[in-house]
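Remarks on the structure that follows.
Protein chains: 2
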Amino acid sequence: MKTIHAGLIGFGVIGSGVVRILEESRELIARRLGAELRLKKIADLDIETDRGVPVSREQLTTNVNDILEDPEIDIVIELIGGYEPARSFVLKALENGKHVVSANKALLSKHGDEVFASAEEKNLTVGFEASVGGAIPIIRSIREAFAANPITLIEGIVNGTANYILSRMSDGSCDFDSALREAQEKGFAEADPTFDIEGIDSAHKIAILTSLAFGTSVDVDRILVEGISTIGLEDIQSAADLGFRIKLLAISKFDGESVDVRVHPAMLPNDHPMASINGVLNAVRICDPWMQENVLVGHGAGSLPTGSAVVGDVIEIARGILSGSSGRVAPRSFPQKFRRDIPLRDRDDITSAYFLRVKVNDQPGVLSTLSGILGSHAISIESVLQKERCAKGRGVPLMIMTHTAKERDMRHALQKISELECVDENPVLIRVEK
Amino acid sequence: MKTIHAGLIGFGVIGSGVVRILEESRELIARRLGAELRLKKIADLDIETDRGVPVSREQLTTNVNDILEDPEIDIVIELIGGYEPARSFVLKALENGKHVVSANKALLSKHGDEVFASAEEKNLTVGFEASVGGAIPIIRSIREAFAANPITLIEGIVNGTANYILSRMSDGSCDFDSALREAQEKGFAEADPTFDIEGIDSAHKIAILTSLAFGTSVDVDRILVEGISTIGLEDIQSAADLGFRIKLLAISKFDGESVDVRVHPAMLPNDHPMASINGVLNAVRICDPWMQENVLVGHGAGSLPTGSAVVGDVIEIARGILSGSSGRVAPRSFPQKFRRDIPLRDRDDITSAYFLRVKVNDQPGVLSTLSGILGSHAISIESVLQKERCAKGRGVPLMIMTHTAKERDMRHALQKISELECVDENPVLIRVEK
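Top to bottom, those sequences are chains A and B.
Residue numbers for the first sequence follow numbering that gives the first Met the number 0, so the first one is 0 and each next one is one higher.
Residue numbers for the second sequence follow numbering that gives the first Met the number 0, so the first one is 0 and each next one is one higher.
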């Protein structure tokens, strides 16, 4: 039986999962592949810590070139994350004629053009199924299964940490801080959770999916990104009262002219396919005129789910090597020369329905003033909800649900509203997806 | 730009969808593929009826050999369904060196060994994504994305007709007959719905998934198959009272020794991932120790959803042709020589929890008699529910939920129960999946 050799850079949480899966699924993989898959080398700065998985001393190295320059190694697995030195390692691997598997969404969303152009030029494969949605086969599905589908919408819950926090706030009535603490205690959130709760991680992921689905590159730094740290328990409860749940949603829409890409908390009606995706689960929904919709749900993070997506990519590449078919599919679905620049829709031109929470002094005429401001900006109100009155002088939350309006108009109206004397603190705005 | 030629056999509902998608997605497909995909010929016995899609007179033929023997045609799409002449056409296409795409679950579940052996021998591809779950990318996911995953469970709602009927009974309180009539009026059920409502179509599909996931062939005729025609409105309502929904479930479990493959109505707790899959939607859930679970949801039938899965397969094959990589992946994930015989678990050895509806004469001691019979067969009761008393002498439904028991024991107990004088009609048995 032939042997295909891989090298692993980064022996962290996912790296350990990959080692364990390659070991424990060894026979199964050999039967499906018709060849042995062998992890020849593992490079990490720390080769002393016991990761609880079986590795021999000779497999470990602190010198990444033991992998990048080993002619026997065909596939390099990059799992160190971040921009550098990951970018240099990946480019060098490609330069040396090695296929690459990576779970690095930051790298691929930011430097994808460089990495994928290099891969295509050398007829090499870059597998990155694990970079979005962990074990959910979304990259592969867009690239292959939906190759005939003119996709119009991708929407995803692609960050397990944020989804866990929102689910706990919703089901357990924890406030944001205690839900975050709980997530950290359970290992679902990192010590510094900024990327997860501020939507940056989700932005990286939706940029990658956009690139695959529409054949265009988007500048991650220009995407509208809002996190969940401003969401209060009262928003979650008001949403529930109105028959909605709040989710951190990554959205990419294509109308044939521009792409509308954004990440923000969104209110979803209870019967929306994404509304019941709770806890650390991720989900991606893809719509087009042919298949209507497909929703893929699974574990979007964690050593073994993400590790198994990495190994799935390694097996795909190994099958390609064995059948002499490198470069069968362009990594981002469209070959370089058929990609094109599609403009990112200006955030002012986005349209959405909105939920607005304003803390006002409970005095006569407030609602009339607010609705007057909204009306003068062409925003019509669908419903208003006012919670219990508090002691005189203290702020009372007023919740307003609007019909579809333009983001620019809403921004201007919000500016005016927050300047009102009767408004206590900055209004909270949540977009509504129906 | 290079052109790849395909031929279509069967210009019915799905065939028309394929023609429309190839036409309307022409430019998109060319951009993703880097080549033109051209439908050179369409063979059907009826080439007169207008299918509402653009075809030229020269494309149409009543002679299938115009496709099977055309050296320019690389890919044959078989969409006539059924065993013969589909089997002969597919085998002849392979014999003539053509790749095949088929949505024919009956053919592939029954004659898969013959078809796939022939394909592998000639290094040709057989695409059959459309045969299970329509637009849901389940075949491809098992074959590629989950290639490292030791799958333990597949469970699916894979028949839209049956799911529509059960959903209408559940939400609209229709009885079975009117829900079926409604499905037929809306075009969701065929004039003869036997295959759909009796679970045969689902059995074909779970046999195909079993073959892919576990690398073994199962004899469809030996699978335990029960349909939904015995499900009464009272079962649906009792299930709801207990916090369950009833779904026609196709199940395949592998414990390392035998496969437990079956199709039957199943009671699922409301929070089960499959319980909220309603209407004509299909869903497949795959479990394994690495990724834990993945649930894929989409439209499992219909001209365009199924048609787009067919075209997705055609594109995959075309990509293979263009990159010279035929035979990259064994069609059923495991190459022939690594497949093996895994015994089908005897249906008597299946274990399950059960829901039992017995119509009894409402007289003292009935429950004690029933529970005595169950107890003497090692079946313990979890809960009992008795609906309103009727006029004396008429049957009263008694609902019993059991703990996990062996199918053999339940069968024997049921036999005894149905022989009781106090039992009015044959008891209804529904398996409970938790």
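Just so it is clear, CB atoms sit at the ideal spot from N, CA and C, and this is done for glycine as well.
- The beta carbon of Ile-380 of chain B does not come within 8 Å of any beta carbon belonging to chain A, so the residue lies off that interface.
- Per DSSP, Ser-257 of chain B is not a residue of any alpha helix (DSSP H), being assigned neither H nor E.
- Short of 8 Å from the beta carbon of Ile-207 of chain B, and not among the five residues preceding or following it, lie these beta carbons of its own chain, in chain order: Lys-104, Leu-107, Ser-108, Gly-111, Phe-127, Ser-130, Val-131 and Ile-138.
- Beta bridge pairing from DSSP links Val-395 of chain B with B:Val-359.
- Just so you know, the alpha carbons of Ser-101 of chain B and Ile-76 of chain B end up roughly 6 Å apart.
- A buried status is given to Gly-133 of chain A, since no fewer than 16 other beta-carbon atoms sit within 10 Å of its beta-carbon.
- Note on geometry: alpha-carbon atoms of Asp-195 of chain B and Ser-169 of chain B lie some 18 Å from one another.
- The three-state reading of DSSP puts Asn-293 of chain A in strand, counting E and B together.
- By the C-beta criterion, the region 275-287 of chain B is judged to be in contact with the region 143-156 of chain B, since at least 3 inter-stretch pairs fall below 8 Å.
- Contact of Ile-28 of chain B with chain A by beta-carbon distance below 9 Å involves Ala-146 and Ala-147.
- Neighbours of Gly-214 of chain A in chain B, taken as residues whose beta carbon is under 8 Å from its own, are Arg-30 and Arg-31 in chain order.
- Taking a Cβ-Cβ threshold of 7 Å, none of the residues of chain B is close to Leu-106 of chain A; the smallest such distance is about 21 Å.
- In terms of beta-carbon proximity, Phe-115 of chain B stays away from the interface with chain A, with every pair separated by 8 Å or more.
- For Ala-92 of chain A, no Cβ of chain B is located within less than 8 Å of the residue's own Cβ.
- A check of alpha carbon separations from Val-296 of chain A across B:Ile-8, B:Ser-302, B:Pro-288 and B:Pro-272 identifies B:Pro-272 as the nearest.
- Bounds of any beta strand (DSSP E) do not take in Gln-236 of chain B; it lies within the alpha helix (DSSP H) bounded by 232-240.
- In this structure, the alpha-carbon of Asn-277 of chain A lies about 28 Å from that of Val-357 of chain A.
- Listed by position along chain B, the residues whose Cβ is nearer than 8 Å to that of Asn-64 of chain A form an empty set, because the closest Cβ is around 27 Å away.
- Counting the other CB atoms within 10 Å of its CB gives Gly-326 of chain A a total of 16 or more, which places it among the buried residues.
- Taking CB atoms only, His-402 of chain B has no neighbour in chain A less than 8 Å away.
- Scanning its chain for C-beta atoms nearer than 8 Å, with the 5 sequence neighbours on each side dropped, one finds around Ala-190 of chain B the residues Gln-183, in chain order.
- At least 8 Å separates the CB of Gly-14 of chain B from every CB of chain A.
- Arg-407 of chain A is not a Cβ neighbour of Gly-214 of chain A, given a cutoff of 8 Å.
- Counting C-beta pairs with one atom in each stretch, the region 373-382 of chain A and the region 289-308 of chain A have fewer than three that are closer than 8 Å, which means they do not touch.
- Interface criterion met: the Cβ of Arg-318 of chain B is under 8 Å from a Cβ in chain A.
- Counting C-beta atoms within 10 angstroms of its own C-beta, Tyr-82 of chain A has fewer than 16 neighbours from the protein chains shown and is therefore classed as exposed.
- Within 7 Å of the CB of Glu-128 of chain B, the CB atoms of chain A belong to Ala-144, in sequence order along the chain.
- In this structure, the beta-carbon distance from Ile-79 of chain B to Ile-8 of chain B falls below 8 Å.
- Assigned with DSSP and collapsed to three states, Gly-159 of chain A falls in helix.
- Chain-order list of chain B residues neighbouring Val-125 of chain A: empty, with the shortest C-beta distance near 16 Å, by a criterion of under 9 Å.
- Across the set B:Leu-27, B:Gln-236 and B:Ser-302, the C-alpha of B:Ser-302 shows the shortest separation from the C-alpha of Gly-51 of chain B.
- Contact check between the region 306-319 of chain A and the region 157-168 of chain A: fewer than three CB pairs, one atom from each, fall below 8 Å, which does not count as touching.
- Around the Cβ of Arg-410 of chain A, a 10 Å sphere holds fewer than 16 other Cβ atoms; the residue is exposed.
- Glu-432 of chain B and Leu-248 of chain B do touch by the CB rule: their CB atoms are close to 7 Å apart, below 8 Å.
- At a cut-off of 8 Å between C-beta atoms, His-271 of chain B does not count as an interface residue with respect to chain A.
- In terms of beta-carbon proximity, Gly-186 of chain A stays away from the interface with chain B, with every pair separated by 8 Å or more.
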